[in-house]
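> Sending over a structure as structure tokens; questions will come in a sec.
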Amino acid sequence: MAVPRAASPRRPPALRWPGLLPPPPPLLLPLLLLLLPAPSEGFGHSVELAFAVEPSDDVAVPGQPVVLDCGVEGTPPVQITWRKNGVELPESTHSTLLANGSLMIRHFRLQRGGSPSDEGDYECVAQNRFGLVVSRKARIQAATMSDFHVHPQAAVGEEGGVARFQCQIHGLPKPVITWEKNRVPIDTDNERYTLLPKGVLQITGLRAEDSGVFHCVASNIASIRISHGARLTVTGSGSGAYKEPAILVGPENLTLTVHQTAVLECVATGNPRPIVSWSRLDGRPIGVEGIQVLGTGNLIISDVTVQHSGVYVCAANRPGTRVRRTAQGRLVVQAPAEFVQHPQSISRPAGTTAMFTCQAQGEPPPHVTWLKNGQVLGPGGHVRLKNNNSTLTISGIGPEDEAIYQCVAENSAGSSQASARLTVLWAEGLPGPPRNVRAVSVSSTEVRVSWSEPLANTKEIIGYVLHIRKAADPPELEYQEAVSKSTFQHLVSDLEPSTAYSFYIKAYTPRGASSASVPTLASTLGEDPTAVYEVKLLAYNQHGDGNATVRFVSLRGASERTALSPPCDCRKDEATNQTSTTGIVIGIHIGVTCIIFCVLFLLFGQRGRVLLCKDVENQLSPPQGPRSQRDPGILALNGVRWGERGQLGRNEKRVDMKELEQLFPPAGAAGQLDSRPTQGAAAPALCEETQLSMLPLQGCGLMEGRTTEATDPCSGLAAAPPPPDGGPGLLSEGQAARPAPAPVTQPARSGH
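In terms of my numbering, the sequence shown is residues 592 to 1343.
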């Protein structure tokens, strides 16, 4: 085991300082110093707990003893135990722990009746005062031998031709295949006889003496089995006529592990005898090291590596021509996981961050898991895993994090492990966690976080660090903001609307950080809707409905304009106007004018009179809701002149594009709102969004149907004249007053 090197210094996590709070120099320097990694201890072989020998996979014979090796280095005393299938294996007379740490099973057994089987995955576990480590898994299986599922078949061949016999059988360990002819082992020195490791016998250049009965013999430590017999009959030589080249048997698809032997078979026939050659489909050279050819064309690759993976092509060519036949098979070579970077033991001050990194390679790519003192360690809390689990980060470390951490890399070809120790440098007298952490939403992008100082050891506190992340995000996306020691609240800005966030706080001293406070959650407020609405207002009498007034409004634009320039309060201005001397004079003039009009109408017998009472006044007055409802963007029911109503009546679906431009003004126009004075000698200005007359009539008055435009004393705008036929908005003499219809709102249609 290599001596761990000192960890290279890492850049501390960036501290984001709020714009309204400049970073105080006395706070920033200690925080940065605390976040810098401390130098690693130079631990040697006598300190680190590690395996010198690990158990390996094995095949056991029932009833025979089995020994699983295990050797451990580390500071004594070291305690060694064993696990079987993840459960601690108690020592008994059946399994004994040897002095060197190995495990001996005296009589390997299979499950029969009520007795358990000794087959399974075994791990060696070593522990000392610094922590615990677990070895790689070793799979122990019982030796077995199945029956033949493929027996050799009888064959007939011509002299000079080719014969092939095959048998298949499964067993652990893999059975060794040999052949017998007439119950006598075949002479492997005969170059015409080729015996392939996978259980195939090839005979080339057949002769009459090759006739006989052939048996396949399979053997391993479990058993020996002999197949059925298959007779070979060799007939006279052929006519010598030309035969096209043909491939009787081509290469099979193989999946092997590194260091095994690959056998790619190719049996070709033809007259004249074809020439067999091999190539790779990707064009790469096969090479010569570890490559040999058996018989007339079988390719043998010994000690395969991952680089040998590929598609191999067997070609049978007629000599002297381009006539050829091909067959191909894929070779896949797997490699067990192995480390290219081991985790290194480190020591860090309490409250800082510890990071371990391990990188493994293999084929297929291995899966990496982490163990803490032999237990699987998953992400969550202050533990983060990233880069496909190759990096383990532990933030805000404390005494409970001091342990031995293992990186375990595993794939279908095998597993490997590497370990490292974390030492936490803990200073006495550190403050406790901040208390009473609260988070309150202020706006759609801001949350105010407040807290109370820890209960104990607060004199040495030099500042606080607020940890922030979206509640739905993984812990590794967290960021921090530093706060001075005298501040117990902080406004977090630049957040996203309608989003839940998690907050927790730590107190820092020159000797380290406190443990984290209890996290709290808060959600930012939502933004105003951006929908556009179509608003219609119409009036009606006994003759029917009048033409509608159509406007488009946006609640978002309205709220923005309200914030920049609050609307006038016409009721308030009107009340103030009535109490002033000017209001009294205007009221007297209006009353006298009304009386004169009444007398004129009575004298000349005009019939188009209209009775205007207080109820009528209330119907004609605009809604007097809250200020936000009288915003120009929300109450955009501007009346149109009677000359324009007829045009709208002919085309009610026409959209005024200028209105849409007003709802969404170009950049820079938002602040160009007209603000008129509401106090002075002149009558106060009415809201710009209405052209309805707001004369404060205190009683009943008569008004001629053809009266010219009058000036509104509140808004300064001209009141719309009545239609010639006494239509909407006016009541003929003798007609009962009907309540004014409410505004009709509906979402804007496409095309408006």
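All C-beta atoms in this analysis are idealised placements derived from N, C-alpha and C, irrespective of residue type, glycine included.
As a quick exercise: from R875, G874, W869, D873, pick the residue whose alpha carbon is nearest that of Q883.
Put simply, of R875, G874, W869, D873 the residue whose alpha carbon is nearest the alpha carbon of Q883 is W869.
> Roughly how far, in whole angstroms, is the beta-carbon of L701 from the beta-carbon of A734, given that I think they are within contact range, below 8 Å?
That pair is no contact at about 10 Å.
> For T687, which residues from the same chain have a beta carbon less than 6 Å from its beta carbon, with the 5 sequence-adjacent residues on both sides left out?
Excluding positions up to five away in sequence, the list reads M695.
> Of all the beta strand (DSSP E) runs that stay within the bounds of the stretch 926-1008, which reach a length of 3 or more residues?
937-940, 945-948, 950-954, 958-963, 966-968, 974-977, 982-985, 994-1002
> For N889, which beta-bridge partners are listed by DSSP?
L885
> DSSP three-state label for P776, please.
strand
> Quick one: which unbroken alpha helix (DSSP H) runs of 4-plus residues sit fully inside the stretch 739-802? Chain order, please.
Runs of the alpha helix (DSSP H) inside the stretch 739-802: none found.
> Check C857 in the structure and name its three-state DSSP category.
coil
> Would you check if the distance between the CB atom of A754 and the CB atom of G841 is smaller than 8 Å?
no
> Could you please give the first and the last residue of the uninterrupted beta strand (DSSP E) stretch that includes N1138?
From DSSP, N1138 is part of no beta strand (DSSP E); its letter is neither H nor E.
> Near P1110, which residues of its chain fall below 6 Å by C-beta distance, leaving aside the five closest residues on each side in sequence?
Closer than 6 Å at Cβ, skipping near neighbours: S1093, Y1095.
> To the nearest angstrom, how far is it from the Cα of Q732 to the Cα of A1062?
48 Å
> Please report the distance separating the alpha-carbon of G989 from that of S1041.
25 Å
> Quick one: measure Cβ to Cβ for L689 and G665, integer angstroms, because I've assumed they're closer than 8 Å.
With 8 Å as the limit, L689 and G665 do not qualify as a contact, their Cβ atoms being about 18 Å apart.
> Starting from W1017, follow its DSSP beta bridges and name the residues at the other end.
Partner(s): none; W1017 has no beta bridge.
> Please report how far the alpha carbon of T824 lies from the alpha carbon of L797, in whole angstroms.
10 Å
> Going by beta carbon distance, what residues of the same chain come within less than 6 Å of V1056, once the five residues before and after it are set aside?
Q1071, A1073, K1097
> Taking contact to mean 3 or more Cβ pairs, one atom from each stretch, closer than 8 Å, check whether the stretch 926-937 and the stretch 966-974 are in contact.
Taking a cut-off of 8 Å on C-beta distances, the stretch 926-937 does not touch the stretch 966-974, as fewer than three cross pairs fall below it.
> Report yes or no: do three or more beta-carbon pairs, one from the stretch 838-855 and one from the stretch 889-906, lie closer than 8 Å?
These segments touch.
> What residues in its chain sit with their C-beta under 6 Å from that of T848, if we drop five residues either side in the sequence?
If you ignore the 5 residues before and after T848, its C-beta comes within less than 6 Å of the C-beta of Q925, A1004, all in its own chain and listed in chain order.
> If you drop the 5 nearest sequence neighbours on each side, which residues of the same chain put their C-beta closer than 6 Å to that of A1018?
R1102, G1103
> Given Q718, which residues of its chain have a CB within under 6 Å of its CB, disregarding the five upstream and five downstream residues?
Counting only Cβ-Cβ distances below 6 Å, and skipping sequence neighbours, we find Q670.
> Determine the DSSP secondary structure at E1353, reduced to helix, strand or coil.
One cannot answer for residue 1353 here, as it falls past the ends of the chain, which runs 592 to 1343.
> Quick one: is E856 buried, meaning 16 or more other Cβ sit within 10 Å of its Cβ, or exposed?
buried
> Let me check understanding here. Comparing Cα to Cα, which of M946, V804, T960, G752 lies closest to A821?
A check of alpha carbon separations from A821 across M946, V804, T960, G752 identifies V804 as the nearest.
> Exposed or buried, what is G654 when buried is set at 16 or more other beta-carbons lying within 10 Å of its beta-carbon?
exposed
> How is D648 classed by DSSP in three states: helix, strand or coil?
Looking at D648 - three-state DSSP - the assignment turns out to be coil, as it is neither helix nor strand.
> Spell out a yes or no on whether the stretch 857-865 and the stretch 744-759 are touching, meaning 3 or more CB-CB pairs, one atom from each, closer than 8 Å.
Enough Cβ pairs lie closer than 8 Å, so yes.
> If you run the structure through DSSP and keep just helix, strand and coil, what is V1109?
coil
> With a Cβ-Cβ cutoff of 8 Å, do S818 and M736 count as a contact?
no
> How far does the beta strand (DSSP E) with F699 in it extend, from its first residue to its last?
Careful: F699 lies outside any beta strand (DSSP E) and carries neither H nor E.
> Under 8 Å, with one C-beta from each stretch per pair, do the stretch 981-1000 and the stretch 943-955 reach the 3-pair mark?
Counting Cβ pairs under 8 Å, three or more are found: they touch.
> Return the residue from the list L1021, S1043, T1036, L1016 that minimises the CA-CA distance to R1029.
S1043
> Between R727 and G662, what straight-line distance do the alpha-carbon atoms span, to the nearest angstrom?
12 Å
> Report yes if the CB atom of R1012 is closer than 8 Å to the CB atom of G790, and no otherwise.
No. Outside cutoff.
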